[in-house]
Every structure is written in C-alpha cells, then in structure tokens.
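In full-length UniProt numbering, the protein residues as written are 1 to 380.
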Ligand code: SF4
C-alpha cells in the first residue's frame, strides 16, 4: 500500500491525471502478475433466485409470487455441472439469493420439499454432490455468512465470495438501492469478510460501482478490503464491476458509470490493494473492456461456455478464443486459472480443506494455473 495515497485523501485518484494513474497501476500489475491475464472457465448455478433483499439494481431476484421464482433440484444442479465438465470447465459457481427462507413461505416450502429447513444446508449438500459426481471445484457465492455457515460450507468448497459492493450506509436509506436490505448493511458484509479471513477461506470480493456511491466511498471500501487482507491474507481477488441499467429494475433510469470512471476506479484499486490481490473486471459489461488492461487488471473473472451471466443476462460472455486474440493484440497472454489462486494451493497454506485441496492441486500445473488450458487447444 502506498501510504502517500492515504495521507492525501482521494484527489490523487478522483481528479488526478488519468493516464498517469493508469500507468502507475499498470506498472504495479506488470511487476506482480506480468503480461498474463487470466480467467476461470466455469458453469454458473443460480441455486435459488429468491432473496430476502430487494436491491434496486437487481434483475436476478424473483419475488415468490413470480412463477419464475425457484430453487433448483439436485438433478438440475448436476445436469449443469456435467455439461460444464464436458465443456472443459473447472469451476462450478453457486450463486443464490440471501436467506429467502427467513422471509418467504414459498422458499421455506420449497426447501422442505427437498428435505431441508435452511438454504445453507442444501447448498452444502449440492457442493458435495458436485464433488462426488464431477471433477469440478465448487465456489460458493452465498452473500453474508455467519461463522456457522462458513464452517458448514468450508469443507465442501474450494473458495467463497461475496461482493462487498460498497461501504456507504447512505445507500441503505429510503429511496436508495439498499433500502430495507438487511444483508446490504455495510457492517454485515464487512463482518463476513472478516469471518472468512479468520476461518482461512480463499475469498473473492469486490465493488459495484455507479449505484450512487461517491468516489471517496469507493476508496474507503478498497481500504477496508485491504485491511481485512492485511489481517488474514485471504482476499484472493477483487472485482470492480460496473452497474448496468436494465428495463425491469427500480434503477432503470439511473446512469451507468462511464468508461473513464471504471478506469479510474480500477487504477485506484490496483494502487491501494496489496499487489498479490488479483484485480478483475468483467469483460461482458463494456464493449471497451480491453482498455481495463491499461488500468491494471490481471483477470477477467468467470467466463462460461455453458451458462449465461445470470446477474446481467442481457450481456453475453465473450467468446473465449476471441478474447484471447484481443488480449494478444494488447500484449497479453490469456490463461485459464482455477477458482483458487496459486498461492493457496500449497499444502501448508492451511486455507482449503485437504480433500478439496488435493483435487485443486491435481488440476494445476506448476505455476498454479489450470493444467488443461482448454481455450488454447480450441484455438489450435
Ligand atoms: S443483488 Fe443479491 S442481495 Fe440484492 S436482491 Fe439481488 S440477489 Fe438479493
């Protein structure tokens, strides 16, 4: 961390020369990550689209009254996992709404039919199913988690994640996107970050930008993530995600962040965060995503050859070979990584349950990236 950044407020990032900021960030990236940019080839499983929260930008969630509100069955989960496996995926990412059974009868009844009273327990068993029936590594993205929930999920997952999104309490007020969203109160999300660190879970988090937060609040969030990592060493990657307008959301008329805003935030993140934290931005949410490389990213996150982006369904994943060509044109090699970053794959890291660690280590080449670089074979 550059202490000068802290002592001079946020003007250095918010209004300083953008090109100079990006050059500085890209230099930090080059020194740590070189000219390799990674992605994780994965299948996405939206285990349930019911959620007790109602974020103003969310198109994923369905109210229980909607016929589309559902909980996937084990057969459906397995079908997606097996399809992903056939297409060379290494990761199965579970994404789900937060604790819908605490609010909605339909969620409780749906879980009961499956033989469960708590979504976390069902999720645990679906992770186990994936481990037993396929070669994939489960990654769990289940929002805020208690100590007990982490204990339940840790033995059956390779890594976990939760977008911090923002530390702005202002955005929980009436009329704001996180109003009446108990899991979006910043302190709850910061507690989950902290718990994941205490329990040594390789963890993915990030910022959602353009939902009404100030630039200073973004910087504050980045410092909070970095501080948690300094205490526990568990933050494997930080995502900088840009808000996307959709016709069916409360924020349908809210402006999307401009490319320059993304570049500034990415560069600031690269400068603030410890260099070993991977920096990621999604390639499907901006036509000009290759510019993110100039601002310091080293990763594109998950890309699926089998499932859509359920959070931004109107934005297709890039075709992986086409992305590889674009990266190459910008001076970078695209390489496939696992859901777990290389530094957590050593036996003495203490970060992953031994059984899952053995599987992950067996899927990695010497440098910790995926042994089977499927897109390269496809290009050939
Ligand atoms: S963004 Fe996440 S927490 Fe918010 S409503 Fe959608 S699924 Fe729930």
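We put the beta carbon where it would ideally sit given N, CA and C, even for glycine.
Note that the coordinates shown come from a computational prediction; the quantities given were computed from them, not determined experimentally.
Count the other C-beta atoms from every protein chain shown that fall within 10 angstroms of the C-beta of residue 110, then say buried if there are 16 or more, exposed otherwise.
It is buried - the Cβ of residue 110 has at least 16 other Cβ atoms within 10 Å.
Would you check whether ligand 1 has a heavy atom nearer than 7 angstroms to the C-beta of residue 98?
For ligand 1, at least one heavy atom lies less than 7 angstroms from the Cβ of residue 98.
Relative to ligand 1, is the shortest distance from any of its heavy atoms to the C-beta of residue 382 smaller than 7 angstroms?
Residue 382 lies beyond the residue range present for the chain, which begins at 1 and ends at 380; the question has no answer from this structure.
Helix, strand or coil: how does DSSP classify residue 2 here?
Legend: pLDDT at residue 2 = 47, less than 50; position of this residue unreliable, value from coordinates given subsequently. Looking at residue 2 - three-state DSSP - the assignment turns out to be coil, as it is neither helix nor strand.
Using only the alpha-carbon positions, how far apart do residue 310 and residue 347 sit?
Each residue's Cα considered, the two are about 34 angstroms apart.
Give me the Cα-Cα distance between residue 341 and residue 369, rounded to the nearest whole angstrom.
Approximately 8 angstroms between the Cα atoms of the pair.
Please tell me whether, using a cut-off of 7 angstroms, the distance from the CB of residue 53 to the nearest non-hydrogen atom of ligand 1 is below it.
At least one heavy atom of ligand 1 is nearer than 7 angstroms to the Cβ of residue 53, so yes.
Are there 16 or more other CB atoms within 10 angstroms of the CB of residue 204, so buried, or fewer, so exposed?
Answer is buried; the Cβ neighbour count reaches 16.
Is residue 60 near ligand 1, going by C-beta to nearest heavy atom under 7 angstroms?
Under cutoff, so the answer is yes.
Taking residue 334 as the reference, which of 360, 18 and 302 has the closest Cα?
Considering only alpha carbons, the answer is 302.
CB residue 199 to CB residue 150, shorter than 8 angstroms?
Cβ distance < 8 angstroms, so residue 199 and residue 150 count as in contact.
Rank 216, 361 and 226 by C-alpha distance to the C-alpha of residue 10 and give the top, closest one.
Closest option to residue 10, Cα to Cα, is 216.
Measure the C-alpha to C-alpha separation of residue 7 and residue 273 and round it to an integer number of angstroms.
Note that residue 7 scores a pLDDT of 44, beneath 50, so its modelled location is shaky; the value from the coordinates is reported in the next line. If you take the alpha carbons of residue 7 and residue 273, they lie about 16 angstroms apart.
According to the Cβ coordinates, are residue 306 and residue 83 closer than 8 angstroms?
Going by C-beta atoms, residue 306 is nearer than 8 angstroms to residue 83.
Which ranges does the beta strand (DSSP E) cover as unbroken runs of at least 3 residues, wholly within the stretch 89-129, from first to last along the chain?
Here the runs fully enclosed are 91-96.
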